[in-house]
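S.K.: In terms of the working numbering, the sequence shown is residues 732 to 1120.
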Amino acid sequence: MEGSTLSTTGLVVDRGLEGVVVGTTQLSNVEGKIGRLTYRGYDIDDLAPNATFEEVAHLLLFGHLPTQAELDAFSRELGTRRMLPEPLISAIRRVPKTAWPMDVLRTVVSGLALFSPTNTRGEHVSDVHTAIELIAKMPTILAFWDRLRRDLEPIEPRTDLSQAANFLYMRTGSVPSDVEARALDTYLVLLADHSYNASTFSARVTASTRADIYAATVSALATLEGDLHGGAASAAYNTLVEVGQPERAETYVRQVLARGEKIMGMGHREYKVRDPRARHLEKMAEKLSEYKGDRHWYAIARSLEDASNKVLQEAKPDKKIYANVDFYTAPVLADLGMPGDEFTCMFACGRMAGWAGHILEQLADNRLIRPQATYSGPPPGPYVPIAER
Ligand code: COA
732 MEGSTLSTTG LVVDRGLEGV VVGTTQLSNV EGKIGRLTYR GYDIDDLAPN ATFEEVAHLL
792 LFGHLPTQAE LDAFSRELGT RRMLPEPLIS AIRRVPKTAW PMDVLRTVVS GLALFSPTNT
852 RGEHVSDVHT AIELIAKMPT ILAFWDRLRR DLEPIEPRTD LSQAANFLYM RTGSVPSDVE
912 ARALDTYLVL LADHSYNAST FSARVTASTR ADIYAATVSA LATLEGDLHG GAASAAYNTL
972 VEVGQPERAE TYVRQVLARG EKIMGMGHRE YKVRDPRARH LEKMAEKLSE YKGDRHWYAI
1032 ARSLEDASNK VLQEAKPDKK IYANVDFYTA PVLADLGMPG DEFTCMFACG RMAGWAGHIL
1092 EQLADNRLIR PQATYSGPPP GPYVPIAER
């Protein structure tokens, strides 16, 4: 295993916890060798073309796919919880327009705790309703910030639209077409959960100290940001911009590898085949490009994946590096009109459903998560008085 070494004390040190099992979950299962992802036993190959994000969020939070009556009630609750408290809207208005979108999202999500009811001990209630609140409000924060940074007035959320359609409506002021709404909906379904990935693990570590759902969500958001995790979506978009045209893809890949860098959106700790989510996102990217009559982003992505597969196969034949979920996120969200630096925030809007499910699962059967490290510093020695140093 890539990250395992034997310490001086004879203990196995698993850098990056690769291959280490630290807990159980009923939420999702990643089968990296065969490229299968299931949410509570349902294959994403079935969910992506058939289920809505609302159905999947219900599945993750309540343990079963909703009946029509349950789905109506769940969607109603999501709709009515979308609006932000007025002081937070005023705060977002004061944020410098140059701010990084993930900084805005993380900070405002943290601010939501200030307006959340507490129990007699002064603690926020970490239950399914607070989870729905967070799922409902995250896209509103992003859409409000997206408009304010473009010098446009925020548009209030609607209660009658789906999460996906409402987000696109809040960005543009027009109800999106079915093709656009379904593309974003499918994206949210595919991003909803992924077992003990880094941000979910962070959320569980925080929840395991008995911190509340807001604190655990802020941990998750902070962990998602890096480009080895959710930040790869924005980085993959920058790659498409840099490549510029499909014919340049192979040269670009060779140059990146020659510099010892990585191709963003390629490779995965768990999947040693193409990420199963990439297949659905690629279909969506192609469909959107046909709908728009503009194949620009899709064509570059397609050509870049082919070039990466070819060159990585030559350069690192034993590594099994294929497209991951972030790769085709880039053309899908770009064709939906979103700026590249907001892609990681959109990832968070989908993953909030999984984070919430994991936080509640952790709290329901908790044990403090506290691993060990092997000390590698100097041996014990006498304290040296300051005059003698
Ligand atoms: N491009 C080029 N080489 C890559 C690569 C990529 N995208 N991903 C992995 N590799 C190579 C590494 O350079 C390393 O090669 P070496 O052993 O010759 O040095 C080898 O594959 C192992 O990579 P490593 O980063 O140690 O594996 P990991 O299990 O930690 O990798 C990722 C998982 C996701 C961190 C890694 O694939 C990556 O950084 N991908 C790009 C970022 C990305 O898309 N992240 C989103 C993940 S969903």
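Think of the CB as a built atom: it goes at the ideal place given N, C-alpha and C, for glycine as much as any other residue.
Figure out for me which residue from V1042, S1039, V1056, V987 has the closest Cα to the Cα of E1013.
M.R.: Among V1042, S1039, V1056, V987, the Cα nearest to that of E1013 is on V1056.
S.K.: Does DSSP classify Y1022 as helix, strand or coil?
M.R.: In this structure, Y1022 counts as helix in the three-state DSSP scheme.
S.K.: Do A1016 and P1070 have their CB atoms nearer than 8 Å?
M.R.: No.
S.K.: On the three-pair Cβ rule with 8 Å, is the stretch 1076 to 1083 touching the stretch 825 to 844?
M.R.: Touching, per the Cβ criterion.
S.K.: What ranges does the alpha helix (DSSP H) occupy inside the stretch 764 to 835, keeping only unbroken runs of at least 4 residues that lie completely in it?
M.R.: Runs of the alpha helix (DSSP H) inside the stretch 764 to 835: 775 to 781, 784 to 793, 799 to 811, 817 to 824.
S.K.: If we count Cβ pairs, one from each stretch, closer than 8 Å, do we get three or more for the stretch 782 to 802 versus the stretch 962 to 970?
M.R.: Cβ pair count under 8 Å is below three, so no.
S.K.: Which partner residues of H855 appear in the DSSP bridge assignment?
M.R.: Per DSSP, T849.
S.K.: Following a CB-centred definition, is A980 positioned closer than 7 Å to any heavy atom of the ligand COA?
M.R.: Not so, every heavy atom of the ligand COA lies at least 7 Å from the Cβ.
S.K.: Is the closest heavy atom of the ligand COA to the C-beta of R825 under 7 Å?
M.R.: No, Cβ of R825 sits at least 7 Å from all heavy atoms of the ligand COA.
S.K.: Would you call the stretch 914 to 923 in contact with the stretch 763 to 779, where contact means no fewer than 3 C-beta pairs closer than 8 Å?
M.R.: Enough Cβ pairs lie closer than 8 Å, so yes.
S.K.: Applying the criterion that 16 or more other CB atoms from any shown protein chain within 10 Å of the CB defines a buried residue, is Y1002 buried or exposed?
M.R.: When all chains shown are included, Y1002 counts as buried.
S.K.: Is Y927 near G747, with beta carbons less than 8 Å apart?
M.R.: No, the pair does not count as a contact, with Cβ atoms beyond the cut-off.
S.K.: Going by C-alpha distance, which of T811, L1035, E956, Y1029 is nearest V987?
M.R.: Out of T811, L1035, E956, Y1029, L1035 has the C-alpha closest to the C-alpha of V987.
S.K.: In three-state DSSP terms, what is M995?
M.R.: Here M995 sits in coil by DSSP.
S.K.: Can you check the stretch 1068 to 1112 for any alpha helix (DSSP H) of at least 4 residues that lies completely inside it and give the ranges in chain order?
M.R.: List check, alpha helix (DSSP H) in window: 1074 to 1095.
S.K.: Under a Cβ-count criterion, where at least 16 other Cβ atoms within 10 Å of its own Cβ denotes burial, should E1092 be classed as buried or exposed?
M.R.: E1092 is buried by the Cβ-count criterion.
S.K.: Taking the alpha-carbon of L892 as reference, which of A912, D877, P885 has the nearest alpha-carbon?
M.R.: Closest option to L892, Cα to Cα, is A912.
S.K.: Classify P1113: buried if its beta carbon has 16 or more other beta carbons within 10 angstroms, exposed otherwise.
M.R.: It counts as exposed.
S.K.: Give the secondary structure of E956 by DSSP, where H, G and I count as helix, E and B as strand, and everything else as coil.
M.R.: In this structure, E956 counts as coil in the three-state DSSP scheme.
S.K.: Excluding the 5 residues flanking L971 on each side, which residues of the same chain have their C-beta closer than 8 Å to its C-beta?
M.R.: Taken in chain order, the residues that qualify are W1028, I1031, A1032, L1035, A1061, P1062, A1065.
S.K.: Compare the C-alpha of T811 against each of L865, S905, K764 and name the closest.
M.R.: With distances taken between Cα atoms, T811 lies closest to L865.
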